[in-house]
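Let me begin by presenting the structure, written as structure tokens, before commenting on it.
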Amino acid sequence: GENVEQHPSTLSVQEGDSAVIKCTYSDSASNYFPWYKQELGKRPQLIIDIRSNVGEKKDQRIAVTLNKTAKHFSLHITETQPEDSAVYFCAAISGGSNYKLTFGKGTLLTVNP
Amino acid sequence: NAGVTQTPKFQVLKTGQSMTLQCAQDMNHEYMSWYRQDPGMGLRLIHYSVGAGITDQGEVPNGYNVSRSTTEDFPLRLLSAAPSQTSVYFCASSYSGSTGETQYFGPGTRLLVL
């Protein structure tokens, strides 16, 4: 099955700096890569996603890049704000199935004022 | 729309007890799933369903049963709770489960097994 590795496990930045979280996946047939944000005690919520036929996608301060050859994708947050502090999860749809999301173990992002 | 709802919010069980975690959605979604979240482990898929009457196992199905008699409801049953099942459980749904569809998560159930 699919295996998703996520790094780093914790990330601390100063307000206004950029943050980058990286994920690698194992199944070359995986074709959909969402990112979820989970605030403390809350449910995960989708913040951005990318499909395998796209190399980059942006939404305001958030962007995701995908390198299919290297099987890795990254989340980029620019001009970080304290409210960006949360746990971020990457995920991939398992190859051969449209129904199984495999998640990375998460990155705790702390934005210091 | 209430979206995805889960009950209870918090539950304490003794080892060997049984219980059912409830999940319901009012968005007419065909696909529903259950995840457990443990510290440092991310979210792991327990069981999922692509429609009423159809269920399948995920990554960590042992110790859990599911059924899907209606489109709206997808309960998760623990037949004999064990301390290893202490976790936060999330239910999620999407329209059809196809690639690119957003999965919406419920608020979670925090389970403690003593």
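Protein chains in written order, with the numbering used here: chain A, -18 to 94; chain B, 25 to 138.
Built from N, CA and C at the ideal position, the CB exists for glycine as well.
Answer with yes or no whether the minimum CB distance from residue i to chain A is below 8 Å.
i	result
B/T126	yes
B/L136	no
B/G130	yes
B/G75	no
B/F98	no
B/F114	yes
B/M65	yes
B/L69	yes
B/G82	yes
Please classify residue i as buried or exposed, where buried requires at least 16 neighbouring CB atoms within 10 angstroms.
i	result
B/M65	exposed
A/G22	exposed
A/S55	buried
A/D(-2)	exposed
B/Q109	buried
B/G82	buried
A/K(-9)	The sequence given here places Thr at residue -9 of chain A; Lys does not occur at that position. Exposed: under 16 other Cβ atoms inside 10 Å.
Quick check: is the beta carbon of residue i nearer than 8 Å to any beta carbon in chain B?
i	result
A/F84	yes
A/K81	yes
A/G87	yes
A/L27	yes
A/F14	no
A/F54	no
Can you tell me where the beta strand (DSSP E) holding residue i begins and where it ends?
i	result
B/L138	Unbroken run through B/L138: none, as it is neither H nor E.
B/M43	M43 to Q49
B/Y72	G66 to G75
A/E(-14)	V(-15) to H(-12)
B/R101	L100 to L102
B/T31	V28 to T31
Quiz item: Do the region 72 to 81 of chain B and the region 99 to 114 of chain B meet, that is, are 3 or more Cβ pairs less than 8 Å apart?
Solution: The region 72 to 81 of chain B vs the region 99 to 114 of chain B: no contact.
Exercise. Kindly confirm or deny that the region 119 to 138 of chain B and the region 25 to 34 of chain A touch, where touching means at least three C-beta pairs closer than 8 Å.
Key: By the Cβ criterion, the region 119 to 138 of chain B is in contact with the region 25 to 34 of chain A, since at least three pairs of Cβ atoms, one from each stretch, lie closer than 8 Å.
Quiz item: Where in the region 43 to 91 of chain A do unbroken runs of the beta strand (DSSP E), each at least 3 residues long, occur, reported from the N-terminal end onward?
Solution: If we require 3 residues or more, the beta strand (DSSP E) runs fully inside the region 43 to 91 of chain A come out as 43 to 48, 53 to 58, 67 to 74 and 82 to 84.
Practice problem: Check whether the region 67 to 74 of chain A touches the region 1 to 13 of chain A, counting contact only when three or more Cβ pairs, one atom from each stretch, lie closer than 8 Å. | Solution: Touching, yes, given that three or more Cβ pairs across the two stretches are closer than 8 Å.
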